[in-house]
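Take a look at the structure set out below.
There are 2 protein chains.
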Amino acid sequence: MDNLSEVLRHLRDASAFISGDHIAGKLGVSRTAVWKYMNQLERYGYNIDKSKGKGYRLVDTPDRVYGWEIDRWRTSARIGSKIIHRDRLDSTNAFAFKQALAGEAEGTCVVAESQDKGKGRLGRKWSSPTGKNIYLSVILRPSVHPSIVYPVTFLSSLAVSDTIDQLTGIKATLKWPNDVLIHGRKISGTLIELSTEADMVRFVVIGIGFNINMQPEDMDDLIKATATSLFMETKKTFERARVCGILLSNLERYYDLFKADGSRAICDIWEERAQIRGKHLEINQMGEVFIGTAKGIDRDGAILLDIKGTTKKILAGDVNF
Amino acid sequence: MDNLSEVLRHLRDASAFISGDHIAGKLGVSRTAVWKYMNQLERYGYNIDKSKGKGYRLVDTPDRVYGWEIDRWRTSARIGSKIIHRDRLDSTNAFAFKQALAGEAEGTCVVAESQDKGKGRLGRKWSSPTGKNIYLSVILRPSVHPSIVYPVTFLSSLAVSDTIDQLTGIKATLKWPNDVLIHGRKISGTLIELSTEADMVRFVVIGIGFNINMQPEDMDDLIKATATSLFMETKKTFERARVCGILLSNLERYYDLFKADGSRAICDIWEERAQIRGKHLEINQMGEVFIGTAKGIDRDGAILLDIKGTTKKILAGDVNF
Numbered sequence: 001m002d003n004l005s006e007v008l009r010h011l012r013d014a015s016a017f018i019s020g021d022h023i024a025g026k027l028g029v030s031r032t033a034v035w036k037y038m039n040q041l042e043r044y045g046y047n048i049d050k051s052k053g054k055g056y057r058l059v060d061t062p063d064r065v066y067g068w069e070i071d072r073w074r075t076s077a078r079i080g081s082k083i084i085h086r087d088r089l090d091s092t093n094a095f096a097f098k099q100a101l102a103g104e105a106e107g108t109c110v111v112a113e114s115q116d117k118g119k120g121r122l123g124r125k126w127s128s129p130t131g132k133n134i135y136l137s138v139i140l141r142p143s144v145h146p147s148i149v150y151p152v153t154f155l156s157s158l159a160v161s162d163t164i165d166q167l168t169g170i171k172a173t174l175k176w177p178n179d180v181l182i183h184g185r186k187i188s189g190t191l192i193e194l195s196t197e198a199d200m201v202r203f204v205v206i207g208i209g210f211n212i213n214m215q216p217e218d219m220d221d222l223i224k225a226t227a228t229s230l231f232m233e234t235k236k237t238f239e240r241a242r243v244c245g246i247l248l249s250n251l252e253r254y255y256d257l258f259k260a261d262g263s264r265a266i267c268d269i270w271e272e273r274a275q276i277r278g279k280h281l282e283i284n285q286m287g288e289v290f291i292g293t294a295k296g297i298d299r300d301g302a303i304l305l306d307i308k309g310t311t312k313k314i315l316a317g318d319v320n321f
Numbered sequence: 322m323d324n325l326s327e328v329l330r331h332l333r334d335a336s337a338f339i340s341g342d343h344i345a346g347k348l349g350v351s352r353t354a355v356w357k358y359m360n361q362l363e364r365y366g367y368n369i370d371k372s373k374g375k376g377y378r379l380v381d382t383p384d385r386v387y388g389w390e391i392d393r394w395r396t397s398a399r400i401g402s403k404i405i406h407r408d409r410l411d412s413t414n415a416f417a418f419k420q421a422l423a424g425e426a427e428g429t430c431v432v433a434e435s436q437d438k439g440k441g442r443l444g445r446k447w448s449s450p451t452g453k454n455i456y457l458s459v460i461l462r463p464s465v466h467p468s469i470v471y472p473v474t475f476l477s478s479l480a481v482s483d484t485i486d487q488l489t490g491i492k493a494t495l496k497w498p499n500d501v502l503i504h505g506r507k508i509s510g511t512l513i514e515l516s517t518e519a520d521m522v523r524f525v526v527i528g529i530g531f532n533i534n535m536q537p538e539d540m541d542d543l544i545k546a547t548a549t550s551l552f553m554e555t556k557k558t559f560e561r562a563r564v565c566g567i568l569l570s571n572l573e574r575y576y577d578l579f580k581a582d583g584s585r586a587i588c589d590i591w592e593e594r595a596q597i598r599g600k601h602l603e604i605n606q607m608g609e610v611f612i613g614t615a616k617g618i619d620r621d622g623a624i625l626l627d628i629k630g631t632t633k634k635i636l637a638g639d640v641n642f
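Chains A and C supply the protein sequences, listed in that same order.
Each residue of the first sequence is one higher than the last, beginning at 1 in our numbering.
Each residue of the second sequence is one higher than the last, beginning at 322 in our numbering.
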């Protein structure tokens, strides 16, 4: 824990005012250094009451997804062990991809308050209003062959649906390949981007968009009819840093499972959780529509669709059900 | 064709001196402009005899793989339709990958006279002395699902072996996954790098290292015992731009086949050309050694190895035979 987070912790732990002397003593720094940290925290948006006689008191915490705020809720060992926070990014995935190309380690997480060019699957836009939702990307470096890596696409929706359950008790619906829905409306989506050699995965970037405190008035017309948020489902506001911390911890749990038991295991868990077997589905695969009954998920993460007795493997597309 | 290439063509077509007036007339530019083009060609290393009375004469062409030199031999429509030439690059693949990320179109080819950090498969080094060999990377954007894209790894070795045959009549050996050997020594290797989503290929960069005029004294100690070049096999020097032109044309032919007939077709051609069926192989897969008889290549491009009656699928590794 760095000094700034440590100062913040002392402010939080104190029931009222805490003296600069006390913090200086605990950290082994000068009172002037403590004063500088207070100024720094104020620049980050923390509201601090400074009293000459009594010391410092934390009045208010900004609603920001700073790494040290996420760390208060995070139990993961590697995923999120480094968090890069930015107010604005074009896209957390594009930024994380460049960091990964430059050698950034597994587990590093990029998080932004807003995205100017938030990306969804297949070149689509992801609506990213400032300070309302979670826009987060994680770098993974699994040492597996490319042909068995694609089920990592399921890790994020499993982690998100666990997070929703833990925070609200709501059982979300999983929609192939990686959406999470509540009452038929999308609350989270994922964009997976990979860099591989022919026989080796270099890295995977898992990008997660997760609607938290967004309200109908924050929404583009494009998604108004189809999107929801934790707030809209519960009428409660959630601390986004806390949601991030829980989400990253859940993500690590599923990633460890993927590494230990392989992609088939993750496909099985997703298939079970999505209760996809036997469902009547209509799938639009690049303009071609297939209608049939889902038989399950194969080892590539593809849907196996029974169409009048013939099994069709659907690799990419949009599901209606 | 741009003006510079056009001027060069007129110099080449002329048996002796050609007047500045004549070229100026053909191009519809001033004599001063022609004079400037001549200076530019000189800066590119062309040796031009300039005579006040007689005009210009091309004395000598530098041994460089400029795009316009490659174009003289290239019959492909898209692959190589744009060529980015650099004297030195860290790695043509790393450069091409960045260009592709920034949106560079399919078919663009990056070529360098030397590489400071030439890369081979699995993080290995590729020996890249200046001006001796071909270091070239091509950007492809096949609209296929990631799970069927990996056999693109075979395109380059098929194209290289055809090129060798056309230039020398030598039938090279293919070694899985993408090496080309002559008399048991490596003459070409490939590094494939891909950027994908979970259900869509963004782009593929095919990097080819192809030893042309390299002599034993140009070689690192590391590869002296195992590498060869066209020069070492034939005692002839080859114009690298010509080899590039033929190679890019062959590459397009196989890429068109991949797009029309799919990855299984390319695997079949490679399997047949490599005559791998029934071969006794020893394969080192990340430190684990498998010994058996090759049954063929599966749809992922993996080797199927019969080990005492059990079929093992080998996804990555190094083959000894």
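We put the CB at the ideal spot given by N, CA and C, even for glycine.
Owing to the predicted nature of the structure, the values given are computational and were not obtained by experimental measurement.
Given R43 of chain A as reference, the closest of A:K52, A:D60, A:V29, A:T190 once Cα atoms are compared: A:D60
Y254 of chain A at chain C interface by Cβ criterion, 8 Å: no
Start-end ranges of the alpha helix (DSSP H) lying completely within the segment 252-294 of chain A, minimum 4 residues: 263-274
Within chain C, the residues that Y150 of chain A reaches when beta carbons sit closer than 7 Å: P467, S468, A519
Straight-line Cα distance separating Y387 of chain C from D323 of chain C: Each residue's Cα considered, the two are about 13 Å apart.
Pair within 8 Å by beta-carbon distance, V526 of chain C and E514 of chain C: Going by C-beta atoms, V526 of chain C is nearer than 8 Å to E514 of chain C.
Rounded C-alpha distance that separates P383 of chain C from E560 of chain C: Between P383 of chain C and E560 of chain C, the C-alpha separation is close to 10 Å.
Spatial distance of N641 of chain C from G599 of chain C (CA atoms): In a straight line, the C-alpha of N641 of chain C is about 14 Å away from that of G599 of chain C.
Enclosing beta strand (DSSP E) for Q115 of chain A [first to last residue]: 109-115
Contact list for the segment 120-134 of chain A against chain C, Cβ threshold 9 Å: Answer set for the segment 120-134 of chain A: R121, L122, G123.
Within 9 Å of chain A by C-beta, residues of the segment 379-401 of chain C in sequence order: Nothing from the segment 379-401 of chain C brings a Cβ to less than 9 Å from some Cβ of chain A.
Neighbour-count burial assignment, T228 of chain A, 16 or more Cβ in a 10 Å radius: buried
Under the three-state DSSP convention, the category G55 of chain A falls into: Of the three classes helix, strand and coil, the one that applies to G55 of chain A here is strand, per DSSP.
In chain order, each beta strand (DSSP E) run of at least 3 residues that lies wholly inside the segment 193-251 of chain A: 201-210
For L495 of chain C and R506 of chain C, the rounded distance between their alpha carbons: 11 Å
DSSP state of R12 of chain A mapped onto helix, strand, coil: helix
Residues in the segment 476-492 of chain C having any Cβ partner in chain A nearer than 7 Å: none
Given 8 Å, three or more beta-carbon pairs between the segment 33-40 of chain A and the segment 75-92 of chain A: no
Backbone CA spacing between T468 of chain C and K440 of chain C [nearest angstrom]: According to the sequence provided, residue 468 of chain C is Ser. The question's Thr does not apply to it. As the crow flies, the alpha-carbon of S468 of chain C is around 24 Å from that of K440 of chain C.
Beta carbon of Y135 of chain A nearer than 8 Å to that of V111 of chain A: yes
Residues of the segment 614-639 of chain C whose Cβ lies closer than 9 Å to any Cβ of chain A, in chain order: D621, G622, A623, L636, A637, G638
Reference Y471 of chain C, options C:G346, C:R333, C:V522, C:E603, closest by Cα: For Y471 of chain C, the nearest C-alpha among the options comes from C:V522.
Beta carbon of N323 of chain A nearer than 8 Å to that of L191 of chain A: Residue 323 of chain A lies beyond the residue range present for chain A, which begins at 1 and ends at 321; the question has no answer from this structure.
Assigned exposure category for S509 of chain C - 16 Cβ within 10 Å defines buried: buried
Rounded Cβ spacing between N133 of chain A and G209 of chain A (contact assumed at less than 8 Å): 7 Å
Distance, K347 of chain C Cα to V138 of chain A Cα: 59 Å
Where K125 of chain A falls: helix, strand or coil (DSSP): strand
Residues that L625 of chain C bridges to, as DSSP identifies them: According to DSSP, L625 of chain C bridges with C:G617, C:K634.
For D486 of chain C, three-class secondary structure by DSSP: helix
Closer than 7 Å: D63 of chain A CB and nearest the ligand PLP heavy atom: Absence of the ligand PLP is noted for the structure shown, with no ligands found whatsoever.
A546 of chain C versus H504 of chain C - alpha carbon distance: Looking at the two C-alpha atoms, the distance is approximately 12 Å.
Residues near E592 of chain C in its chain [Cβ-Cβ closer than 6 Å; skip 5 each side]: Counting only Cβ-Cβ distances below 6 Å, and skipping sequence neighbours, we find G617, I618.
Delimiting residues of the alpha helix (DSSP H) encompassing D408 of chain C: No alpha helix (DSSP H) contains D408 of chain C, which is instead part of the beta strand (DSSP E) from 404-410.
Boundaries (first-last residue) of the alpha helix (DSSP H) holding K119 of chain A: Per DSSP, K119 of chain A belongs to no alpha helix (DSSP H) and is neither H nor E.
Inter-residue Cα distance where the pair is V501 of chain C and F203 of chain A: 28 Å
Chain C contact residues for E193 of chain A, given Cβ-Cβ distances below 8 Å: S516, T517, E518, R523
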